[in-house]
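Peer 1: Starting off with a structure, shown below.
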Amino acid sequence: MSRTTVADRAHGAGRPPAHVLDHPALTSLTGPHARFAERHGRILRYPVDVTPWVALPEEPDAGDWDVLAALAGPGAEVPLLGFNGAVPDDWELSWYAEGVQLVDEGVDAAPDSEAVLLGPADVPEMLDLVERTRPGPFLPRTVELGTYLGIRRGGVLVAMAGERLHPPGWTEISAVCTHPDARGQGLAGRLVRAVAHGIRERGETPFLHTGADNTGAIRLYETLGFVLRRRTRFMTARVPAEAARGEVVGAG
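Residue 252, in this note's numbering, is where the sequence shown stops; the numbers in between run on with no holes.
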């Protein structure tokens, strides 16, 4: 992707052609992450202990929202990460934030000699670090989505970063976080570069998401060589309390 193309998209110059990063959950679940896909009618989602990403059709109809309501249950909150459509009038928008999607365009990717591979045995520590730093959703099985790297100091996990969504040809870097006592040492940047190196070694391109108001993170990512591709939205919608319970049509 050329820098001109990225800049054009960032400034909204015309309607860009369809791209796998426009609907990254959908293209992940119908592509490299198909093994995780739970399909219910036209709704695709990851298992609820893996990640909260849900893939809606580009223009969901009333039946799609009914399926999603039946999956979640009356009154439940459903994260709609990256969904840019309209929520039905009877669904309450309980949380909303502007977000950005950034792509690798010159990241100085390199392995890190201090980074260690994290796996299922490290999940309790990873969850504790996430609880302290709030980088975004990280659940007990999120580690299964790809490679996660960490840095330990005195045997304690103080920083980590890893892979989440996986559209064809691309891999999202996620869960970038540093313990408050270890900040200011450049650990996050080092781990992002190390994770990006592994992605590049597979012949793929790194990308990531963050909040539009997370200016510190955006500055870091831009310094590393990421550029803005598009703006997006993160929100949570509450299923109507009167929504009917019942068997989900098309579950499988």
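Where a beta carbon is used, it is the ideal one built from N, C-alpha and C, also for glycine.
Note that the structure is a prediction, hence the values are computed from the model and not measured.
Between Leu-220 and the rest of its own chain, which residues show a CB-CB distance below 7 Å, the 5 nearest in sequence each way excluded?
Peer 2: Same-chain partners within the cutoff: Ala-188, Gly-189.
Peer 1: By the 10 Å Cβ neighbour count, where 16 or more other Cβ atoms means buried, how is Pro-120 classified, buried or exposed?
Peer 2: It is exposed - the Cβ of Pro-120 has fewer than 16 other Cβ atoms within 10 Å.
Peer 1: Tell me the rounded alpha-carbon separation between Leu-196 and Arg-229.
Peer 2: A small fix is needed here, since residue 196 is Ala in this sequence, not Leu. Spanning the two alpha carbons is a distance of roughly 17 Å.
Peer 1: Going straight from the alpha carbon of Pro-32 to that of Pro-24, what length do you get?
Peer 2: Taking the straight line joining both Cα atoms gives about 11 Å.
Peer 1: So is Arg-202 buried or exposed if we call it buried at 16+ other beta carbons inside 10 Å?
Peer 2: With fewer than 16 Cβ atoms within 10 Å of its Cβ, Arg-202 is classed as exposed.
Peer 1: Please give the ranges of any beta strand (DSSP E) in the segment 211-238, keeping only runs that are unbroken, at least 3 residues long and fully inside the region.
Peer 2: Counting only runs of 3 or more, we get 226-238.
Peer 1: What does DSSP give as the partner residues of Tyr-148 in its beta bridges?
Peer 2: BP columns for Tyr-148 point to Leu-118, Gly-162.
Peer 1: For Trp-65, which of helix, strand or coil comes out of DSSP?
Peer 2: Correct three-state label for Trp-65: helix.
Peer 1: Is the CB-CB distance between Glu-59 and Gly-85 below 8 Å?
Peer 2: Taking 8 Å as the Cβ cut-off, Glu-59 and Gly-85 qualify as a contacting pair.
Peer 1: Could you say which of Ser-174, Ile-151, Ile-173 lies nearest to Arg-183 if we only look at CA atoms?
Peer 2: Checking every option, the nearest Cα to that of Arg-183 belongs to Ile-151.
Peer 1: Might you give, ordered along the chain, the residues of its own chain that have their beta carbon closer than 6 Å to the beta carbon of Leu-26, omitting 5 neighbours on each side?
Peer 2: Correct list, in chain order: Ala-55.
Peer 1: For a test of the three-state rule: what should DSSP assign to Ala-241, helix, strand or coil?
Peer 2: In the structure shown, Ala-241 sits in coil (DSSP, three-state: anything other than H, G, I, E or B).
Peer 1: Classify Pro-140 as buried or exposed, calling it buried when 16 or more other Cβ atoms lie within 10 Å of its own Cβ.
Peer 2: Exposed.
Peer 1: Can you tell me which of Phe-234, Arg-200, Val-130, Glu-242 puts its alpha carbon nearest to the alpha carbon of Ile-105?
Peer 2: Per the sequence shown, the amino acid found at residue 105 is Glu instead of Ile. Here the closest residue by C-alpha is Arg-200.
Peer 1: State the Cα-Cα distance for the pair Asp-108 and Leu-224, rounded to the nearest angstrom.
Peer 2: Straight-line Cα distance between these residues: approximately 7 Å.
Peer 1: Does DSSP put Val-192 in a helix, in a strand, or in coil?
Peer 2: Helix at Val-192.
Peer 1: Nearest to Tyr-338 by alpha carbon, out of Phe-226, Leu-165, Gly-99, Leu-93?
Peer 2: Because residue 338 is not part of the residues shown, which for the chain are 1 to 252, the question remains open.
Peer 1: Can a CB atom of chain D be found closer than 8 Å to the CB of Gly-41?
Peer 2: In the structure shown, chain D cannot be found, because there is only a single protein chain.
Peer 1: Determine the extent of the beta strand (DSSP E) in which Arg-45 is found, giving its start and end residues.
Peer 2: Here the beta strand (DSSP E) through Arg-45 covers 43-45.
Peer 1: Give the DSSP-derived three-state secondary structure of Ala-70 in the structure shown.
Peer 2: Correct three-state label for Ala-70: helix.
Peer 1: So, for Ile-218: in the same chain, excluding its five sequence neighbours on each side, which residues have a beta-carbon less than 6 Å away from its beta-carbon?
Peer 2: Nothing meets the Cβ criterion.
Peer 1: Below 6 Å CB to CB, which residues in the same chain sit around Thr-205 once its five sequence neighbours on both sides are set aside?
Peer 2: The residues are Asp-104, Trp-170.
Peer 1: What separation, rounded to the nearest whole angstrom, lies between the Cα atoms of Leu-191 and Thr-215?
Peer 2: Approximately 19 Å, taken between the alpha carbons.
Peer 1: How many Å lie between Arg-238 and Thr-51 at the Cα?
Peer 2: When rounded, the distance between both Cα atoms is 18 Å.
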